Amino acid sequence: MKFLLVAINAKYIHSNLGIYSLKAYAEKELRKKKKAALAGTGEIVSGVAEAGVQGAEWEADGAVVTETQSVAGVSSGQVQVEIAEYTINHQMDQILQDIYRRKPDVIGFSCYIWNIQYIRPFLKDIPKVLPDVKIWMGGPEVYYRAESFLKEEPTVTGVMVGEGEATLAELAEVYGEAEDIDIRLEQVRGIVFRKTSGEILHTPVRPLLPMDEIPFSYNNLEGMEHRIIYYESSRGCPYSCSYCLSSIDKTVRFRSLDLVMKELDYFLERKVPQVKFVDRTFNCKKSHALAIWRYLLEHDNGVTNFHFEISADLIDEEELEVMEQMRPGLIQLEIGVQTTNPDTITEIRRKMNLDRLKQVVDKINGFHNIHQHLDLIVGLPYENYERFCQSFDDVYWMRPEQLQLGFLKVLTGSYMAEKTQDYGLLYHQEPPYEVLATKWLDYGQVLRLKAVEDMVEVHYNSGQYTETLREMEQHWASPYAMFEALADYYERLGYTGIAINRLTRYEILFGFLQETEPEKTERYRDLLTYDLYLRENIKSRPAFLRDESPWKTLRREFFQGEEKEPKYLKGYEGYDSRQMAKMAHLEVFGDGRVVVFDYKNRDPLTYNAKAFLIAANPA
154 MKFLLVAINA KYIHSNLGIY SLKAYAEKEL RKKKKAALAG TGEIVSGVAE AGVQGAEWEA
214 DGAVVTETQS VAGVSSGQVQ VEIAEYTINH QMDQILQDIY RRKPDVIGFS CYIWNIQYIR
274 PFLKDIPKVL PDVKIWMGGP EVYYRAESFL KEEPTVTGVM VGEGEATLAE LAEVYGEAED
334 IDIRLEQVRG IVFRKTSGEI LHTPVRPLLP MDEIPFSYNN LEGMEHRIIY YESSRGCPYS
394 CSYCLSSIDK TVRFRSLDLV MKELDYFLER KVPQVKFVDR TFNCKKSHAL AIWRYLLEHD
454 NGVTNFHFEI SADLIDEEEL EVMEQMRPGL IQLEIGVQTT NPDTITEIRR KMNLDRLKQV
514 VDKINGFHNI HQHLDLIVGL PYENYERFCQ SFDDVYWMRP EQLQLGFLKV LTGSYMAEKT
574 QDYGLLYHQE PPYEVLATKW LDYGQVLRLK AVEDMVEVHY NSGQYTETLR EMEQHWASPY
634 AMFEALADYY ERLGYTGIAI NRLTRYEILF GFLQETEPEK TERYRDLLTY DLYLRENIKS
694 RPAFLRDESP WKTLRREFFQ GEEKEPKYLK GYEGYDSRQM AKMAHLEVFG DGRVVVFDYK
754 NRDPLTYNAK AFLIAANPA
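The numbering used here puts the first residue of the sequence shown at 154, with every later residue one more than the last.
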């Protein structure tokens with residue numbers, strides 16, 4: 154019997170921790186039963202419990218696929234658990250063909266707001282080509298409305314409700330036996346399923362597993378070299394934010410630190426590029442978070458980056474002291490601010506000390522070793538357009554590396570969904586259920602905020618216009634007003650919604666600045682040139698840059714001097730002046746400065762080239 158777990162991810166670099174965890178637990182339990190069964194027959198069982206799962210990963214037709222031949226079985230024969238991961242960018246027929254070729258007996262789909270619409274057509278097509286297959290669903294997009302989903306999708310056998318590790322293990326055993334399926338399914342906790350008669354049955358809620366009973370999800374990392382590895386050291390959330398499904402389960406469970414550190418060693422030894430912790434509020438228990446951060450500091454491999462979602466206002470001085478010692482890029486922090494409106498914070502049932510949050514963000518900024526990503530949500534109660542602009546400005550002045558504008562998703566099962574009428578919430582009826590309007594925010598204003606979001610993403614979050622933005626801030630009444638004006642400029646010139654390359658973006662911004670601050674045209678020409686070369690030694694110069702031919706001699710003489718006796722460029726030994734001129738860049742600015750950009754030595758946090766002022770005036 155083959156049980157195929159299917160994940161359809163938003164991007165190729167993503168992986169689905171959920172199905173890896175389900176597979177690992179199911180195989181552990183099935184191995185235990187196999188060992189017990191063999192022991193009962195008197196067969197030699199030495200080594201069965203310890204046997205590793207033999208796996209192979211490969212890339213087929215653009216889909217990341219993991220096949221695992223389990224040593225585990227039940228009395229009626231072999232049980233195989235396989236994983237297949239695709240993305241929403243794959244052609245649907247390509248995925249259907251791949252699933253068909255695998256010939257699964259049971260399929261389990263992992264469902265979220267970003268993939269459920271993509272999955273639904275498969276629920277109609279798979280039974281046409283695999284008429285005997287049983288289809289099960291899991292994930293937050295289905296288990297909060299399991300019965301109604303089964304009524305909408307008659308080809309689906311059942312839905313796993315809540316955490317699925319133990320549930321999947323029992324389902325695999327049931328289908329492995331292949332006898333009295335309905336009767337045996339009634340004994341499986343945590344499911345809603347359709348009996349052969351068509352009756353829909355809810356089984357009792359399944360108790361939560363202790364975290365240490367869930368095995369490590371990764372038995373090898375082949376095929377994961379260019380993907381984000383997801384990891385969890387806790388489940389649940391202590392907070393009750395009304396827009397979030399995590400608020401429903403307030404039971405927070407932690408994996409033991411000894412086990413966590415052993416598993417982190419696995420990633421560190423293999424120099425995985427990035428590990429993303431999916432803990433909902435990683436630092437809700439200080440002793441747990443601090444121990445892990447200290448361990449990462451002491452065992453840093455110089456390569457791996459660890460991402461954490463935290464509540465910054467919970468960070469204390471002891472934790473800051475550890476963070477200050479970290480290698481630039483060792484960790485990055487995602488901090489959900491959501492709003493700075495006190496009335497909104499209260500209404501969404503969020504607990505947050507904004508003053509402390511700002512202090513912590515400012516202090517970490519001063520370390521210049523940790524990327525901080527701060528979030529806001531558009532569409533929350535009691536926040537009109539003007540008040541959201543204030544929230545934006547408040548967070549902007551905290552100077553995070555990224556400022557993310559998210560738009561409220563009204564999730565089934567959340568408290569926010571219950572308040573739809575009270576808040577005048579209008580939102581898309583299909584996933585991802587994004588807000589259209591509220592009692593405080595009309596649709597036109599939501600669209601305006603989306604236009605501003607695009608400008609923030611391009612000009613702020615990219616980190617490509619840092620010096621230019623600092624100058625622009627002095628002209629506008631507020632940061633929000635600045636990005637709003639830029640969005641209006643894009644719309645007026647017809648740039649909204651079209652693909653624009655990076656160098657053209659610089660030219661568009663220069664045109665905007667010539668129009669809004671014509672008296673500073675040359676100043677902005679210099680700043681944009683500086684920002685441009687900080688990131689890249691471009692070979693094709695945009696039209697707004699100055700003619701560089703007058704200082705070719707200066708450039709040649711500089712690199713010849715560096716070849717003979719390096720003063721600024723370190724680590725270029727063995728390269729001649731011509732090679733060095735291709736690996737670094739010398740620019741003469743309109744204000745008389747001569748700057749050399751060293752691309753061999755970059756800022757580890759921003760990835761900007763190291764810049765040297767070698768002369769205030771070329772004369």
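We put the CB at the ideal spot given by N, CA and C, even for glycine. Remember, predicted model here, so these are calculated numbers, not experimental data.
Item, Value
"Through-space distance from Ala-190 to Val-227, alpha-carbon basis", "Bear in mind that a pLDDT of 34 at Val-227, under 50, signals an unreliable position, so the number given afterwards is only what the model happens to contain. If I take the Cα positions, the gap works out to 8 angstroms."
"Exposure of His-441, with buried meaning 16 or more beta-carbon neighbours within 10 Å", "buried"
"Contact between the stretch 317-337 and the stretch 158-177 (3+ Cβ pairs under 8 angstroms)", "yes"
"Whether Ser-387 touches Ile-445 by CB criterion (8 angstroms)", "no"
"Helix, strand or coil at Ala-319 [DSSP, three-state]", "helix"
"Identified DSSP bridge partners for Gln-617", "BP columns for Gln-617 are empty, so no partner."
"Check whether Ile-344 and Val-312 have beta carbons under 8 angstroms apart", "yes"
"Inter-stretch contact at 8 angstroms, needing at least 3 Cβ pairs: the stretch 413-433 / the stretch 443-462", "yes"
"Close Cβ partners of Glu-472 (< 6 angstroms) along its chain, the five nearest in sequence each way excluded", "Leu-443"
"Environment of Lys-562 [buried if 16+ CB atoms lie within 10 Å]", "buried"
"Every unbroken alpha helix (DSSP H) inside the stretch 648-713 [4 residues or more]", "655-669, 674-688"
"Asp-335 CB to nearest heavy atom of the ligand MG below 7 angstroms", "By its list of ligands, the structure shown contains no ligand whatsoever, and the ligand MG lies outside what it can speak to."
"Per DSSP, cross-strand counterpart(s) of Asp-528", "Gly-489, Gln-557"
"Close Cβ partners of Ser-223 (< 7 angstroms) along its chain, the five nearest in sequence each way excluded", "Residue confidence is low: Ser-223 scores 34 on pLDDT, short of 50, so the model does not pin down where it sits. Its coordinate-derived value is still stated next. So the list reads Glu-180, Leu-183, Val-206, Val-232, Gln-233, Val-234, once near-sequence residues are dropped."
"Nearest residue (CA-CA) to Leu-483, options Ile-498, Gln-525, Gln-512", "Gln-525"
"Buried or exposed by the 16-neighbour rule on C-beta atoms within 10 Å, applied to Glu-360", "One point to set straight first is that residue 360 is Pro, not Glu, in the sequence displayed. Burial call: exposed."
"Lys-155, enclosing beta strand (DSSP E) - first and last residue", "155-162"
"Other residues of its chain near Leu-564: CB distance less than 6 angstroms, five sequence neighbours each side excluded", "Leu-398"
"Ile-272 - DSSP class collapsed to helix/strand/coil", "helix"
"C-beta contact flag for Gln-627 and Arg-688 at 8 angstroms", "no"
"Assumed close pair Ile-144, Tyr-271 - CB separation to whole angstroms, cut-off 8 angstroms", "For the chain, the structure presents residues 154 to 772; residue 144 sits outside this window and is missing."
"Phe-346 - DSSP class collapsed to helix/strand/coil", "strand"
"Start-to-end residues for the beta strand (DSSP E) that takes in Val-747", "747-755"
"C-beta contact flag for Leu-680 and Glu-620 at 8 angstroms", "yes"
"Residues that Tyr-384 bridges to, as DSSP identifies them", "Phe-430"
"Outcome for Gln-491 when other beta-carbon atoms lying within 10 angstroms are tallied against a minimum of 16", "buried"
"Alpha-carbon to alpha-carbon, Leu-421 and Asn-454", "6 angstroms"
"Cα-Cα separation, Cys-390 to Phe-407", "11 angstroms"
"Helix, strand or coil at Phe-773 [DSSP, three-state]", "One cannot answer for residue 773 here, as it falls past the ends of the chain, which runs 154 to 772."
"Close-in-space but distant-in-sequence residues of the same chain around Tyr-165 (CB under 6 angstroms, 5 per side omitted)", "Thr-240"
"Ile-651 classed as buried or exposed, judged by whether at least 16 other C-beta atoms fall within 10 angstroms", "exposed"
"Expected contact under 8 angstroms - CB spacing of Leu-589 and Val-599 to nearest Å", "6 angstroms"
"Distance between Leu-594 and Trp-211 (C-alpha atoms, nearest Å)", "Its pLDDT being 29, under 50, Trp-211 is placed unreliably by the model, and the measurement read from it follows with that caveat. Going from the Cα of Trp-211 to the Cα of Leu-594 covers about 48 angstroms."
"Residues near Asn-169 by beta carbon distance below 7 angstroms, same chain, minus five either side", "Ala-160, Asn-162, Glu-238, Ser-263"
"Per DSSP, cross-strand counterpart(s) of His-612", "According to DSSP, His-612 bridges with nothing at all."
"Contacts around Val-341, its chain only, beta-carbon distance under 8 angstroms, and the 5 residues preceding and following it disregarded", "Thr-320, Glu-323, Leu-324, Val-327, Thr-356"
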